[in-house]
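Residues 761 to 986 (our numbering) are what the sequence shown spells out, left to right. No residue lacks a Cβ here, since even glycine has one placed at the ideal position from N, Cα and C. For reference, the structure is listed below as structure tokens.
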Amino acid sequence: MNSPFGKPVKAITIREVAEAAGVSVGTVSRVLNAPSSVRPATLQKVRAVVERMGFQPDPRAQNMRRRTTMAVGFIVNDITNPLHATLFRAAEAELGPQGFTLHLVNTGGEAAREAAAIDLVQRGRVDGLIMTINSERDPECRNRLASLAVPGVLLDREALDNIDAVMTDHALGMRQAVDYLIGLGHRRIALITAGTDLAPGRERKRGFVAAFAGRGLPCPDELIRA
């Protein structure tokens with residue numbers, strides 16, 4: 761801990777709090793971690809001493825007792841994608857007030873880096889993973905995901921048996937957009953989208969084709985770039 765002038769300040773220990781409050785170290789620990797197990801008078805006294813002395817519990821020690829890290833890994837395949845920034849902020853807004861921190865990892869969309877990132881984040885001990893990966897069908901990456909030791913959520917990617925996924929209905933959105941253009945009289949409509957090796961690309965192409973089929977029109981396959 762540093763003072764406003766940059767000089768180190770000795771941190772208050774739990775033992776010093778216990779001595780000042782006239783209780784045991786165990787009692788102070790219960791006040792901090794299991795207050796319902798402490799008598800109201802003792803609870804009030806110890807909390808007053810904690811506040812007066814400015815004692816800050818060590819979050820690492822608390823997490824070890826709780827068997828949790830209060831951290832969540834957030835793996836993205838492209839940190840420059842504005843959508844990923846929006847998703848990160850939304851996750852942070854939800855998890856932050858609950859005491860969690862987010863660890864951001866950018867993989868650049870490379871399968872080997874994504875597999876390594878999953879290993880790295882797990883070794884760093886997190887309570888869960890949120891992932892938007894670029895190699896959902898890569899065998900190595902899928903093996904890592906299948907053996908995930910913590911809860912995980914895939915963003916806009918195909919779900920696996922042990923991992924939930926939050927999906928956008930790309931097919932419906934694409935079908936509605938193309939149907940609107942067809943309704944205006946357009947027929948030569950092009951599709952430029954992500955590759956079909958990713959769920960969003962596959963679903964957008966499916967919606968594109970379905971829109972023409974629904975109107976009984978031939979699909980301009982030569983104008984699809986996916």
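8 Å contact criterion, which residue i and residue j should meet: CB distance rounded
i: residue 837; j: residue 874; result: 7 Å
i: residue 980; j: residue 935; result: Not really, about 15 Å apart at Cβ, beyond 8 Å.
i: residue 951; j: residue 964; result: 7 Å
i: residue 932; j: residue 967; result: 6 Å
Three-state secondary structure assigned by DSSP to residue i
i: residue 839; result: coil
i: residue 866; result: strand
i: residue 924; result: strand
i: residue 891; result: strand
i: residue 803; result: helix
Beta-carbon contacts of residue i that lie in its chain and below 7 Å, excluding the five residues immediately before and after
i: residue 809; result: 777, 780 and 781
i: residue 807; result: 791
Among the options, nearest to residue i - alpha-carbon criterion
i: residue 971; options: 865, 941, 986 and 787; result: 941
i: residue 910; options: 952, 950, 834 and 871; result: 834
i: residue 892; options: 814, 843, 964 and 986; result: 843
i: residue 865; options: 791, 973, 938 and 882; result: 882
i: residue 798; options: 783, 870 and 955; result: 783
i: residue 869; options: 975, 955, 985 and 774; result: 955
i: residue 905; options: 927, 930, 877 and 929; result: 877
i: residue 832; options: 863, 849 and 814; result: 863
i: residue 929; options: 907, 946, 957 and 961; result: 961
Pairwise C-alpha distance: residue j and residue i
i: residue 959; j: residue 829; result: 32 Å
i: residue 851; j: residue 886; result: 15 Å
i: residue 858; j: residue 888; result: 14 Å
i: residue 922; j: residue 861; result: 23 Å
i: residue 855; j: residue 847; result: 12 Å
i: residue 815; j: residue 803; result: 15 Å
Close-in-space but distant-in-sequence residues of the same chain around residue i (CB under 8 Å, 5 per side omitted)
i: residue 925; result: 913, 914, 915, 916, 917, 918 and 919
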